[in-house]
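Novice:
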Amino acid sequence: MGSTNSTLSKIPNVEELVQETGFTPAHIVRLYDRFEALDKEKTGHLRPQDFGAINRLAINPIGDRIIGAFFSPGQETVDFHSFVRILAHFRPADKKRPKDPSMPEPVNSRTSKLKFAFQLYDQDKDGKISRAELLQVLRSMLEMQVTEEQLESIADRTIQEADLDTDDAISFEEFRKSLEKVNIDHKMSIRFLR
Amino acid sequence: MYISHLWEWQCLCCCINLVPLSPPSLPPSLPPSGIIAKELSSLEQEIQELRASGTTLSSEPEFEMADIMYFCRRGMESIVDDEVTKRFSAQELESWNLLTRSNYNARHISLRLSVLWGLGLFIRYGFLLPLRVTLAASGIGLLVVLTTIVGFLPSGWTYLSEKIHLMSYRICVRSLTAIITYHNSENKPKNGGICVANHTTPIDVIILANDGCYSMVGQIHGGLIGVVQRAMVKSSPHIWFERSEVKDRHLVAKRLSNHVADKTKHPILIFPEGTCINNTSVMMFKKGSFEIGCTVYPVAIKYDPRFGDAFWNSSKFGMVNYLLRMMSSWAVVCSVWYLPPMSREEGEDAVQFANRVKAAIATQGGLVDLLWDGGLKRGKVKNTFKEEQQKLYSKVLVGDQEDQGEDRPQEAEEEEGDQNEDRPLEDYTPRPLEDYTLRLLEHCSLRLQGEEEERGSETPMRVGVPLLPGY
Chain A
4 MGSTNSTLSK IPNVEELVQE TGFTPAHIVR LYDRFEALDK EKTGHLRPQD FGAINRLAIN
64 PIGDRIIGAF FSPGQETVDF HSFVRILAHF RPADKKRPKD PSMPEPVNSR TSKLKFAFQL
124 YDQDKDGKIS RAELLQVLRS MLEMQVTEEQ LESIADRTIQ EADLDTDDAI SFEEFRKSLE
184 KVNIDHKMSI RFLR
Chain B
245 MYISHLWEWQ CLCCCINLVP LSPPSLPPSL PPSGIIAKEL SSLEQEIQEL RASGTTLSSE
305 PEFEMADIMY FCRRGMESIV DDEVTKRFSA QELESWNLLT RSNYNARHIS LRLSVLWGLG
365 LFIRYGFLLP LRVTLAASGI GLLVVLTTIV GFLPSGWTYL SEKIHLMSYR ICVRSLTAII
425 TYHNSENKPK NGGICVANHT TPIDVIILAN DGCYSMVGQI HGGLIGVVQR AMVKSSPHIW
485 FERSEVKDRH LVAKRLSNHV ADKTKHPILI FPEGTCINNT SVMMFKKGSF EIGCTVYPVA
545 IKYDPRFGDA FWNSSKFGMV NYLLRMMSSW AVVCSVWYLP PMSREEGEDA VQFANRVKAA
605 IATQGGLVDL LWDGGLKRGK VKNTFKEEQQ KLYSKVLVGD QEDQGEDRPQ EAEEEEGDQN
665 EDRPLEDYTP RPLEDYTLRL LEHCSLRLQG EEEERGSETP MRVGVPLLPG Y
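Listed in order, the protein sequences are those of chains A and B.
Each residue of the first sequence is one higher than the last, beginning at 4 in my numbering.
Each residue of the second sequence is one higher than the last, beginning at 245 in my numbering.
#1: Terminal residues of the continuous alpha helix (DSSP H) containing H427 (chain B)?
#2: Between L181 (chain A) and chain B, is any beta-carbon pair separated by less than 8 Å?
#3: Residues of chain A with CB under 8 Å from K635 (chain B), in chain order?
#4: Taking its Cβ as the centre, do 16 or more other Cβ atoms sit within 10 Å of P516 (chain B), making it buried, or is it exposed?
#5: Among B:E321, B:R318, B:S587, B:D326, which has the Cα closest to the Cα of L614 (chain B)?
#6: Can you list, in chain order, the residues of its chain with a C-beta nearer than 6 Å to that of P585 (chain B)? Leave out the 5 residues immediately preceding and following it.
#7: Against chain B, with Cβ distances strictly below 8 Å, would R88 (chain A) count as a contact?
#8: In chain A, what lies closer than 9 Å to A310 (chain B) by C-beta?
#9: Is there a Cβ from chain B that is less than 8 Å from the Cβ of K13 (chain A)?
#10: Is I451 (chain B) buried or exposed, if buried means 16 or more other CB atoms sit within 10 Å of its CB?
#11: What are the boundary residues of the alpha helix (DSSP H) that includes A544 (chain B)?
#12: Between Q473 (chain B) and I483 (chain B), how many whole angstroms is the CB-CB distance? I'm expecting something under 8 Å.
#13: Give the straight-line distance between the Cα atoms of C416 (chain B) and A380 (chain B), rounded to the nearest whole angstrom.
#14: Enumerated in chain order, which unbroken segments of the alpha helix (DSSP H) with a length of 4 residues or greater are wholly contained in the segment 477-552 of chain B?
#15: What does the Cβ neighbour count give for M191 (chain A), buried or exposed, with the cut at 16 atoms within 10 Å?
#16: How big is the Cα-Cα spacing for K13 (chain A) and V601 (chain B)?
#17: Taking only the alpha-carbon atoms, compute the straight-line gap between I70 (chain A) and P51 (chain A) and give it to the nearest angstrom.
#18: Going straight from the alpha carbon of S269 (chain B) to that of R194 (chain A), what length do you get?
#19: In or out: V87 (chain A) buried (at least 16 other Cβ within 10 Å) or exposed?
#20: Can you tell me whether D448 (chain B) is buried or exposed? The criterion is at least 16 other CB atoms within 10 Å of its CB, across all chains shown.
#21: Do R134 (chain A) and G230 (chain A) have their beta-carbon atoms positioned less than 8 Å apart in this structure?
#22: Determine whether the Cβ of L3 (chain A) lies closer than 8 Å to any Cβ atom of chain B.
#23: For Q634 (chain B), does the count of other Cβ atoms within 10 angstroms reach 16, so buried, or fall short, so exposed?
#24: Are the CB atoms of M752 (chain B) and T607 (chain B) nearer to each other than 8 Å?
#25: From E39 (chain A) to K45 (chain A), what does the alpha carbon distance come to, in whole angstroms?
#26: Is there a C-beta anywhere in chain A that falls below 8 Å from the one on D326 (chain B)?
#27: Spell out whether any CB of chain A is found under 8 Å from the CB atom of I313 (chain B).
#28: Would you please state the rounded distance, in angstroms, between the beta carbons of L137 (chain A) and T169 (chain A)? I believe it to be under 8 Å.
#29: Compare the C-beta of R317 (chain B) against all C-beta atoms of chain A and say whether one is closer than 8 Å.
#30: Go ahead and label E19 (chain A) buried or exposed: buried means 16 or more other beta carbons lie within 10 angstroms of its beta carbon, across all protein chains shown.
#31: Does the distance from the CB of S174 (chain A) to the CB of K131 (chain A) come in under 8 Å?
#32: Might you give, ordered along the chain, the residues of its own chain that have their beta carbon closer than 7 Å to the beta carbon of G470 (chain B), omitting 5 neighbours on each side?
#33: Quick one: Cα of N442 (chain B) to Cα of G47 (chain A), how far?
#34: Would you list the one or two residues that DSSP bridges to Y582 (chain B)?
#35: On a CA-only basis, which of A:L49, A:Q153, A:E23 is nearest Q78 (chain A)? Give me that one, please.
#36: Mind listing, in chain order, the continuous alpha helix (DSSP H) runs of no fewer than 4 residues lying wholly within the segment 352-432 of chain B?
In structure tokens, the structure reads:
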């Protein structure tokens with residue numbers, strides 16, 4: 004009764020979403036409300052401008068990259084399913100899940116979160132973080148606070164430390180290795196209340 | 245099952261409490277914060293934590309690949325739920341108040357509760373709504389007719405016009421079943437001053453006008469509202485602007501100054517936020533009304549959300565729809581606090597004065613004091629805030645390496661230190677802010693605003709029409 008069931012029925016393929024992402028129906032309803040709030044023109048899709056309207060995101064130094072993560076290459080809009088799937092990366096990991104190698108990797112596992120972070124660096128999706136890409140990220144995080152030489156030296160140092168096969172780029176495995184001690188689940192998770 | 249039982253009893257108890265015997269005179273506690281658990285730690289703390297679990301051997305702060313995760317998570321959190329956007333939609337309640345419109349969760353509603361809800365529905369729509377609509381119609385009709393009549397009388401009859409206004413507003417208040425508690429009436433606004441209040445709904449006007457006579461400020465509309473406005477101005481000096489005059493700040497300021505200079509005219513009622521906010525917070529006050537230089541009487545209005553949500557979400561509902569929703573809620577219960585009058589002090593500019601008043605209103609009403617501009621409902625935020633984030637992060641990375649002889653932009657930190665003494669920050673009451681970053685941004689933005697004032701430039705963020713109630 005009430006507005007929740009009617010909202011649930013508005014969303015197509017809810018069960019599929021629940022299975023795939025692990026969100027409860029209540030969370031999906033909340034995300035749907037949020038989706039609708041962002042979709043001001045009620046087109047059923049979000050465009051980059053709709054994300055840009057969120058003030059906190061606009062002042063985030065890597066805000067543009069985060070927005071870009073929602074859109075598959077070549078696509079200009081994101082529908083609700085893709086929206087939820089991306090956000091599912093940030094669900095806290097299920098501690099009780101049995102490690103079943105035949106099942107596909109759940110979307111909020113440590114590896115998936117690492118992949119997501121990797122893709123924030125690797126914009127051209129060639130599987131490696133090149134020096135130029137690293138510089139770009141550093142530039143957006145620091146902009147005018149440090150000089151160009153400092154940026155370059157930070158980039159060089161980082162690649163030196165992480166790059167094990169000395170190809171002057173950081174592959175996903177090297178990325179994973181350099182972050183093996185970081186508590187990824189804690190740092191890349193959003194806890195939903197209720 | 246036990247949990248749903250408990251929740252059910254919570255709702256029932258809430259309904260039993262529907263009849264307020266004596267509303268509390270203490271300011272209410274802060275509303276619950278959002279749908280996700282936000283970490284209250286700052287940028288510095290989080291990056292240190294990332295470092296501690298990372299692979300750095302030295303104790304010197306360096307860039308780590310994992311640093312991006314902090315920004316990534318913050319970004320995602322803001323996509324799911326952010327401070328500003330949620331102020332423009334109705335506040336959520338912890339337990340249900342038997343109005344369908346307030347039911348947000350996927351909670352199961354048992355049979356008992358459904359029966360109660362059905363009963364409530366019948367009472368509200370079948371009995372209360374027609375009664376209220378009739379009352380409202382007669383209240384407005386009387387206002388129009390009587391003020392027109394009084395307009396024909398010579399100007400010495402202000403007493404009569406006051407009585408008529410008060411009576412019509414009283415009828416309108418009854419028509420909404422507004423149960424209002426006025427606190428500290430000794431601080432009620434007097435002639436020759438400006439009354440400022442936080443803005444939640446157009447009904448704020450009626451609630452305040454119920455207890456005293458004010459001169460309203462606004463843009464003249466067409467239609468029914470225009471008729472009412474024109475009738476009201478015949479008997480008492482309200483300030484209505486034509487649409488074209490609205491853009492001219494100096495004209496607006498001049499008319500207001502003339503009005504307050506005349507001590508026989510009633511105090512002006514202004515809502516400096518410029519738009520309706522959902523009554524959980526107070527947003528940036530536009531400085532125009534604080535430049536006039538007369539006494540300001542702050543008023544805090546807080547609605548009790550359990551009886552009906554008074555917030556007007558102008559993008560979702562039109563005016564008529566909104567009024568019908570108001571009249572079909574249980575009631576409108578609110579508290580009005582009259583705060584002691586304030587004036588601009590020596591060496592204080594309009595913006596600081598506005599912030600001081602805002603802080604006082606927020607503290608009294610138990611609202612969150614936010615820096616953000618209410619105009620962000622429709623516009624975007626400035627780039628300077630992004631630079632502040634970058635500054636914070638760069639401080640973590642290179643801030644301690646002074647001995648390396650790099651030319652860092654030194655003036656950022658030194659400026660902050662100097663400006664601290666100039667600005668009377670200690671006048672501000674401590675605000676219940678949820679984010680350390682916001683506090684820093686606020687401080688920086690005050691500094692930025694101060695700089696821009698000195699340069700005499702006017703940026704779009706603050707110019708606008710500061711004086712009109714946001715409809």
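Note that beta-carbon positions come from the ideal geometry of N, C-alpha and C, so glycine has one too.
Specialist: Well, looking at it:
#1: Stepping through the second sequence from its first residue, residue 427 (chain B) is reached at position 183. That residue, H427 (chain B), is in no alpha helix (DSSP H); its beta strand (DSSP E) goes 422-427.
#2: Residue numbering aside, residue 181 (chain A) sits at position 178 when the first sequence is read from its first letter. Here the sequence assigns Ser to residue 181 (chain A), which means Leu is not the residue at that position. Put simply, the CB of S181 (chain A) is near chain B, with a gap under 8 Å to one of its CB atoms.
#3: Along the second sequence, one-based indexing puts residue 635 (chain B) at 391. Those within 8 Å of K635 (chain B) in chain A are Q148.
#4: As a working note, residue 516 (chain B) is residue 272 in the second sequence. That one is buried.
#5: The residue given as residue 614 (chain B) occupies position 370 in the second sequence. When only C-alpha atoms are compared, the closest one is B:D326.
#6: Looking up residue 585 (chain B) in the second sequence gives position 341. Cβ within range, chain order: T539, Y541.
#7: Indexing the first sequence from 1 puts residue 88 (chain A) at position 85. Judged by the 8 Å Cβ criterion, R88 (chain A) is not in contact with chain B.
#8: Looking up residue 310 (chain B) in the second sequence gives position 66. A120, S181, L182, V185, I187, K190, listed in chain order.
#9: Walking along the first sequence from the start, residue 13 (chain A) turns up at place 10. Answer no: the Cβ-Cβ gap between K13 (chain A) and chain B never drops below 8 Å.
#10: Counting from 1 along the second sequence, the entry for residue 451 (chain B) is found at position 207. Flag for I451 (chain B) reads buried.
#11: For this step, residue 544 (chain B) is matched to residue 300 along the second sequence. Note, A544 (chain B): premise wrong, no alpha helix (DSSP H); beta strand (DSSP E) at 540-547.
#12: Here residue 473 (chain B) is taken as the residue at index 229 of the second sequence, counted from 1. Here residue 483 (chain B) is taken as the residue at index 239 of the second sequence, counted from 1. Contact doesn't hold; Cβ gap of about 11 Å is too wide.
#13: To locate residue 416 (chain B), count along the second sequence from 1; it is residue 172. To locate residue 380 (chain B), count along the second sequence from 1; it is residue 136. Using only the alpha carbons, I get a separation of about 5 Å.
#14: 493-505
#15: Looking up residue 191 (chain A) in the first sequence gives position 188. It is buried - the Cβ of M191 (chain A) has at least 16 other Cβ atoms within 10 Å.
#16: Within the first sequence, residue 13 (chain A) is the residue found at index 10, counting from 1. Within the second sequence, residue 601 (chain B) is the residue found at index 357, counting from 1. Whole-angstrom Cα-Cα distance: 45 Å.
#17: Residue 70 (chain A) sits at position 67 when you count from the first residue of the first sequence. Residue 51 (chain A) sits at position 48 when you count from the first residue of the first sequence. Approximately 7 Å between the Cα atoms of the pair.
#18: Here residue 269 (chain B) corresponds to residue number 25 of the second sequence, with the count starting at 1. Here residue 194 (chain A) corresponds to residue number 191 of the first sequence, with the count starting at 1. Residue confidence is low: S269 (chain B) scores 44 on pLDDT, short of 50, so the model does not pin down where it sits. Its coordinate-derived value is still stated next. The alpha-carbon atoms of S269 (chain B) and R194 (chain A) are separated by roughly 36 Å.
#19: Position 84 of the first sequence, counting from 1, holds the residue named residue 87 (chain A). Buried, because 16 or more other Cβ atoms sit within 10 Å of the Cβ of V87 (chain A).
#20: Taking the second sequence and counting its residues from 1, the one referred to as residue 448 (chain B) is at position 204. By the 10 Å Cβ count, D448 (chain B) comes out buried.
#21: A question about residue 230 (chain A) goes unanswered here, because the residues of chain A that appear run from 4 up to 197.
#22: Residue 3 (chain A) lies beyond the stretch modelled for chain A, which goes from 4 to 197, so this question has no answer here.
#23: For this step, residue 634 (chain B) is matched to residue 390 along the second sequence. It is buried - the Cβ of Q634 (chain B) has at least 16 other Cβ atoms within 10 Å.
#24: In the structure as shown, chain B begins at 245 and stops at 715. Residue 752 (chain B) is therefore absent and cannot be evaluated.
#25: Working through the first sequence from its first residue, we reach residue 39 (chain A) at position 36. Working through the first sequence from its first residue, we reach residue 45 (chain A) at position 42. Rounded to the nearest angstrom, the two C-alpha atoms are 7 Å apart.
#26: In the second sequence, counting from the first residue as 1, residue 326 (chain B) sits at position 82. Closer than 8 Å: yes.
#27: As a working note, residue 313 (chain B) is residue 69 in the second sequence. One detail in the question is off: residue 313 (chain B) reads as Met in this sequence, not Ile. So, interface residue.
#28: In the first sequence, counting from the first residue as 1, residue 137 (chain A) sits at position 134. In the first sequence, counting from the first residue as 1, residue 169 (chain A) sits at position 166. About 15 Å separates the two Cβ atoms, so there is no contact after all.
#29: Within the second sequence, numbered from 1, the residue matching residue 317 (chain B) stands at position 73. Closer than 8 Å: yes.
#30: Counting from one through the first sequence, the residue named residue 19 (chain A) turns up at place 16. By the neighbour-count criterion, in which a residue is buried when 16 or more other Cβ atoms sit within 10 angstroms of its Cβ, E19 (chain A) is exposed.
#31: To locate residue 174 (chain A), count along the first sequence from 1; it is residue 171. To locate residue 131 (chain A), count along the first sequence from 1; it is residue 128. Closer than 8 Å, so yes.
#32: By 1-based counting over the second sequence, the position of residue 470 (chain B) is 226. If we look at G470 (chain B) and ignore the five residues flanking it on each side, its Cβ neighbours are I464.
#33: The residue given as residue 442 (chain B) occupies position 198 in the second sequence. The residue given as residue 47 (chain A) occupies position 44 in the first sequence. Straight-line Cα distance between these residues: approximately 34 Å.
#34: Here residue 582 (chain B) refers to the residue found at position 338 of the second sequence. For Y582 (chain B), which the question treats as bridged, DSSP gives the partners B:V543.
#35: Counting from 1 along the first sequence, the entry for residue 78 (chain A) is found at position 75. Minimum Cα distance to Q78 (chain A) is reached at A:L49.
#36: 355-365, 373-396, 402-419
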